[in-house]
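Number of protein chains: 2
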Amino acid sequence: MNEEILLARAYLSRVAEPPAAALVGLVAEVGPVEAAARVREGRVDEPVARETSVRRQVHRPGTDLDAAAAAGARLVVPEHPEWPAEAFAAFDAAPEQLAPPLALWVRGPGRLDELCGTAVAVVGARAATSYGAHVAAELGSGLADRGCTVVSGAAIGIDGAAHRGALAVEGATVAVLACGIDRIYPASHELLLERIAASGLVVSEYPPGGVPARHRFLVRNRLIAGLAVGTVVVEAGLRSGAQRTAADAMSLGRQVMAVPGPVTSAMSVGCHRLVRDGALLVTRSDEVLEAVAPIGSHLAETPEPRADRPTDGLDPAAARVHDALPARGARDTRWLALESGLPIGAVRIALVALERRGLVEHCEGRWRRRVVVGV
Amino acid sequence: MNEEILLARAYLSRVAEPPAAALVGLVAEVGPVEAAARVREGRVDEPVARETSVRRQVHRPGTDLDAAAAAGARLVVPEHPEWPAEAFAAFDAAPEQLAPPLALWVRGPGRLDELCGTAVAVVGARAATSYGAHVAAELGSGLADRGCTVVSGAAIGIDGAAHRGALAVEGATVAVLACGIDRIYPASHELLLERIAASGLVVSEYPPGGVPARHRFLVRNRLIAGLAVGTVVVEAGLRSGAQRTAADAMSLGRQVMAVPGPVTSAMSVGCHRLVRDGALLVTRSDEVLEAVAPIGSHLAETPEPRADRPTDGLDPAAARVHDALPARGARDTRWLALESGLPIGAVRIALVALERRGLVEHCEGRWRRRVVVGV
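Those sequence lines, one after another, are chains P and U.
For what it's worth, this note's numbering labels the leading residue of the first sequence as -18, then goes sequentially.
For what it's worth, this note's numbering labels the leading residue of the second sequence as -18, then goes sequentially.
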């Protein structure tokens, strides 16, 4: 990797608070090295100045790269082959608040571009119910087991359950932070973040030491939505960061999905709202895969939990004759015709079919039901 | 009411097992009196003969009308002003299995056509969960309270809960039976059916004494779907009569709605399938009303259960400055500018706004958060 570019991107990553659409535009126009030089010297137009004037003199890219390295992290930049260019392509046509990151600090053995190719975001409320946590873990495991990368935000609640579900089947998972790559947030997820960093990737666009300020969670959510081919919201109140992730995913043209829950649960209100607004209702990982995978490659296998009955598959006339027979007692053909409303001939044909299946038996000129285990 | 027509329709009601599309066609062509005469004498073409040959000699319309009267019921026929002609208009363009009834036996003080004008069907599984029964009762009450008639099938489970919900607010409710109007089915709903018949209507297309054979439940479901302007499925397994009601409602061009539930519940599988197949997800009666009522007359009032925060409504810059301030300790303007990434001037403006709202206080040249109840 070109050291000059890396230093320029590291500097720009600290200078501008994301999303920084004007600065991203300048970098695209003149390249990161020239852009960094102009920003540092204040030779930029008004929009870029607004995004960079306050911190432009904080020039410590080497220190930041060292701090990242000390935390086991590295900086991935758009000029690097690992950059998930395909995932970020959609950001070009998106509104300003969905500007792509200038660089990404990453920690872990995973390759960012490869992980993103099959990534599904599983997100939701911090105040998850046990139901929501259960479903998130099931989705995390189910998706990871089928080769998907599970992307989430490492928050307590749904996010954590989704990551853990993926880890439980030794699957790939990516956590996108709203703070510096060297910080542990939330503190109670220290072990979880270590496990993610040991097998997948922890990702952040904030420079080392960056604090998890509230607005950063919303800004970070666009990266979760953007790195994945689809986003599943498992539980969400009406006021919820997950709703924002879903909105970002929609803006980026990604598949938005939501898991339903009890209508009596405040934690499912946001999911139901999403479905009413056009999100796809999903109930299990098969359905998620069907929605995000190329057509036909992962058709959801419907389990159709059929409680097979001995009368399954009977033609309608036979079913009507069988219904007409009382549970106990025998009836003659004429009675069955009257009761079922079928012609005598049709009743006789139906009785033959029913007898062959062992559902009725003949007895002194009359017919009665045979007791079949499971009827 | 013309006695001759009533007797003819009563006879036809017993002769043919619904749905009897060919016979309905003949009646439309030559009128009920002539059609009854031809059927009785066997002067009909093959399709009508198939529907009527077995029972055509069971001629006892007077007895049936007397039996109905003895049970407190009457026969409503298409020639009667009470006939819900508007509701059944859609049956004309529907497939054969959705043939309209030849007549309806009804019990109760309600006027069938008036009740149908605002009717919503609330249906679902017999093996309902307590969650489903709760939601059905809430919907029944909510819809009845807003002037809707709650139509259902009087079955145990969701149906019963929906009827009871309507009765609880002294609302209108209609039960459509799959047996004769003089029979009580299920037996455990004797009191419920009496209560429905005392204020609304119990309805059946089967002549007095008709038994509740299994196929009749599915055939009956088309009437539930047809009498209502929309159908809500509250809980349903994958194999469920409620699914059939929903399919019939869709064929008839009615609004189909489904209530979500836990994805872990077998009783919600059918509802989630319906939503995935295009049914509208609904969570409360407001949303049902919005879907079935003329546009604008009943817009669902979104409760938006906002947990108001003192920081709600802050402009983005003020929110960023507020976020940047630590929970404890004071910071100067320059520090806040660096942390928030905003120009000093913007930070000052934000601080004024925050101070005015009582969210920050000035203290020896620095700023700190004020503790606000509820933050």
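Cβ coordinates follow ideal geometry from the N, Cα and C atoms, glycine included.
Bear in mind the structure is a predicted one, so any value in this text is a computation, not a measurement.
*Taking only beta-carbon atoms, is histidine 163(P) less than 7 Å away from chain U?*
As a first step, residue 163(P) must be located in the first sequence, where it is residue number 182. The residue asked about is misnamed: residue 163(P) is aspartate in this sequence, not histidine. No, aspartate 163(P) lies away from the interface with chain U (no Cβ there is under 7 Å from its Cβ).
_Three-state class that DSSP yields for histidine 40(P) in the structure shown_ = Within the first sequence, residue 40(P) is the residue found at index 59, counting from 1. Three-state result, histidine 40(P): coil.
*asked:* Need the endpoints of the alpha helix (DSSP H) that tryptophan 316(U) sits in, please.
replied: Taking the second sequence and counting its residues from 1, the one referred to as residue 316(U) is at position 335. Counting along the chain, the alpha helix (DSSP H) containing tryptophan 316(U) begins and ends at 314 to 321.
*Provide the residue(s) that pair with tryptophan 86(U) in DSSP beta bridges, ordered along the chain.*
The residue given as residue 86(U) occupies position 105 in the second sequence. Leu56(U), Ser185(U).
*Note down, in chain order, every chain P residue with its Cβ under 7 Å from the Cβ of aspartate 357(U).*
The first residue shown for chain U is -18 and the last is 356, placing residue 357(U) beyond what the model contains.
*Does any CB atom of chain U fall closer than 7 Å to the CB of tyrosine -8(P)?*
Residue numbering aside, residue -8(P) sits at position 11 when the first sequence is read from its first letter. By this cut-off, tyrosine -8(P) is not an interface position.
*Do the CB positions of leucine 233(P) and glycine 207(P) come within less than 7 Å of each other?*
Position 252 of the first sequence holds residue 233(P). Position 226 of the first sequence holds residue 207(P). The answer is yes: Cβ separation under 7 Å.
*Identified DSSP bridge partners for arginine 19(P)*: The residue given as residue 19(P) occupies position 38 in the first sequence. Bridge partners of arginine 19(P) according to DSSP: none are assigned.
*Can the beta-carbon of valine 101(P) be found less than 7 Å from the beta-carbon of leucine 124(P)?*
Here the question's residue 101(P) lines up with position 120 in the first sequence. Here the question's residue 124(P) lines up with position 143 in the first sequence. In contact: valine 101(P) and leucine 124(P) (Cβ atoms closer than 7 Å).
*Jot down the residue ranges of each uninterrupted alpha helix (DSSP H) in the region 103 to 165 of chain U, minimum 4 residues, whole runs only, in chain order.*
The qualifying runs are 111 to 126, 139 to 149.
*asked:* Going by C-alpha to C-alpha distance, which of Val213(U), Val256(U), Ala223(U) sits closest to glutamate 271(U)?
replied: Here residue 271(U) corresponds to residue number 290 of the second sequence, with the count starting at 1. Measuring C-alpha to C-alpha distances from glutamate 271(U) to each of Val213(U), Val256(U), Ala223(U) identifies Val213(U) as the nearest.
*Taking only runs that begin and end inside the region 188 to 257 of chain U, name each unbroken beta strand (DSSP E) of 3 or more residues, in chain order.*
Contiguous beta strand (DSSP E) elements confined to the region 188 to 257 of chain U occur at 211 to 214, 236 to 239, taking only those with 3 or more residues.
*Could you run through the region 222 to 241 of chain U and flag, in chain order, every residue whose CB is less than 7 Å away from some CB of chain P?*
So the close ones are Val240, Pro241.
*Pick from Pro59(P), Arg107(P), Arg24(P) that is closest to valine 5(P), judged by C-alpha positions*: Against the first sequence, residue 5(P) aligns to sequence position 24. For valine 5(P), the closest alpha carbon among the candidates Pro59(P), Arg107(P), Arg24(P) is that of Pro59(P).
*Integer-rounded CB distance, given that histidine 253(P) should sit under 8 Å from isoleucine 262(U)*: Within the second sequence, the letter at position 281 stands for residue 262(U). Within the first sequence, the letter at position 272 stands for residue 253(P). The sequence as given places leucine at residue 262(U); isoleucine does not occur at that position. Confirmed, Cβ separation roughly 6 Å.
*Would you say proline 0(P) faces chain U, with C-beta separation under 7 Å as the test?*
If you number the first sequence from 1, residue 0(P) lands on position 19. By this cut-off, proline 0(P) is not an interface position.
*Which first and last residues belong to the beta strand (DSSP E) in which arginine 349(P) is found?*
As a first step, residue 349(P) must be located in the first sequence, where it is residue number 368. Arginine 349(P): member of the beta strand (DSSP E) spanning 347 to 350, first to last residue.
*Kindly list, in the order they appear in chain U, the residues whose Cβ is closer than 7 Å to that of serine 34(P).*
Start at 1 with the first residue of the first sequence, and residue 34(P) comes out as number 53. By Cβ distance, chain U contributes Pro324.
*For the ligand ATP, is there a heavy atom less than 6 Å away from the beta-carbon of aspartate 140(U)?*
As presented, the structure is devoid of all ligands, the ligand ATP included, so that no description of it is given.
_Inter-residue Cα distance where the pair is proline 167(P) and leucine 332(U)_ = In the first sequence, the residue the question calls residue 167(P) occupies position 186. In the second sequence, the residue the question calls residue 332(U) occupies position 351. In a straight line, the C-alpha of proline 167(P) is about 28 Å away from that of leucine 332(U).
*asked:* Using 7 Å as the threshold, is the C-beta distance between tyrosine 187(U) and glycine 161(U) below it?
replied: Residue numbering aside, residue 187(U) sits at position 206 when the second sequence is read from its first letter. Residue numbering aside, residue 161(U) sits at position 180 when the second sequence is read from its first letter. Yes. Within cutoff.
*Name, please, each residue of chain U whose Cβ falls closer than 9 Å to the Cβ of alanine 109(P).*
Your numbering for residue 109(P) matches position 128 in the first sequence. Against chain U, the beta carbon of alanine 109(P) has no neighbour under 9 Å; the closest one sits roughly 13 Å away.
*Would a check of beta-carbon distances place proline 243(P) closer than 7 Å to chain U?*
Position 262 of the first sequence, counting from 1, holds the residue named residue 243(P). Look at proline 243(P): its C-beta is under 7 Å from a C-beta on chain U.
*Please determine if the region 22 to 38 of chain U and the region 50 to 65 of chain U are in contact, where contact requires at least 3 C-beta pairs separated by less than 8 Å.*
Counting Cβ pairs under 8 Å, fewer than three are found: no touch.
*asked:* I need the boundaries of the alpha helix (DSSP H) containing glutamate 175(U), first residue and last residue.
replied: On the second sequence, residue 175(U) is found 194 positions in, with the first residue counted as 1. Segment 171 to 180, the alpha helix (DSSP H) holding glutamate 175(U).
*Considering only the beta carbon of each residue, do glycine 146(P) and alanine 118(P) sit closer than 7 Å?*
Start at 1 with the first residue of the first sequence, and residue 146(P) comes out as number 165. Start at 1 with the first residue of the first sequence, and residue 118(P) comes out as number 137. Their beta carbons are under 7 Å apart, which means glycine 146(P) touches alanine 118(P) by this criterion.
*Among the residues of its own chain, which have a CB less than 6 Å from the CB of alanine 71(P), if the five just before and after it don't count?*
As a working mapping, residue 71(P) is identified with position 90 in the first sequence. The answer, listed in chain order, is Leu233, Gly234.
_Inter-stretch contact (C-beta, 8 Å, three-pair minimum) for the region 339 to 351 of chain U and the region 299 to 317 of chain U_ = These segments touch.
*Buried or exposed for proline 13(P), please, with buried defined as at least 16 other CB atoms from any protein chain shown within 10 angstroms of its CB.*
Within the first sequence, the letter at position 32 stands for residue 13(P). With 16 or more other Cβ atoms from the protein chains shown falling within 10 Å of its own Cβ, proline 13(P) counts as buried.
*asked:* Let me confirm a value: glutamine 38(P) is counted as buried when at least 16 other C-beta atoms fall within 10 Å, else exposed. Which label applies?
replied: Here residue 38(P) refers to the residue found at position 57 when the first sequence is read from its first residue. With fewer than 16 other CB atoms across the displayed protein chains lying within 10 angstroms of its CB, glutamine 38(P) is exposed.
*asked:* Within 7 Å of any Cβ in chain U, is that where the Cβ of leucine 335(P) sits?
replied: The residue you call residue 335(P) lines up with position 354 of the first sequence. At a cut-off of 7 Å between beta-carbon atoms, leucine 335(P) makes no contact with chain U.
*Answer with yes or no whether the minimum CB distance from valine 214(U) to chain P is below 7 Å.*
Residue mapping note: residue 214(U) aligns to position 233 of the second sequence, counting from 1. It does not; no Cβ of chain P falls within 7 Å.
*asked:* When you compare the CB positions of glycine 113(U) and valine 215(U), do they come within less than 7 Å of one another, or not?
replied: Taking the second sequence and counting its residues from 1, the one referred to as residue 113(U) is at position 132. Taking the second sequence and counting its residues from 1, the one referred to as residue 215(U) is at position 234. In this structure, valine 215(U) lies closer than 7 Å to glycine 113(U) by Cβ.
*Going by DSSP, which residues form a beta bridge with valine -4(U)?*
To locate residue -4(U), count along the second sequence from 1; it is residue 15. The partner list for valine -4(U) (beta bridge, DSSP) is empty, contrary to what the question assumes.
*Compile a chain-ordered list of the residues in the region 103 to 134 of chain U whose CB is closer than 8 Å to at least one CB of chain P.*
Listed in sequence order: Tyr112, His115, Val116.
_Whether valine 87(P) touches leucine 93(P) by CB criterion (7 Å)_ = Your numbering for residue 87(P) matches position 106 in the first sequence. Your numbering for residue 93(P) matches position 112 in the first sequence. Yes.
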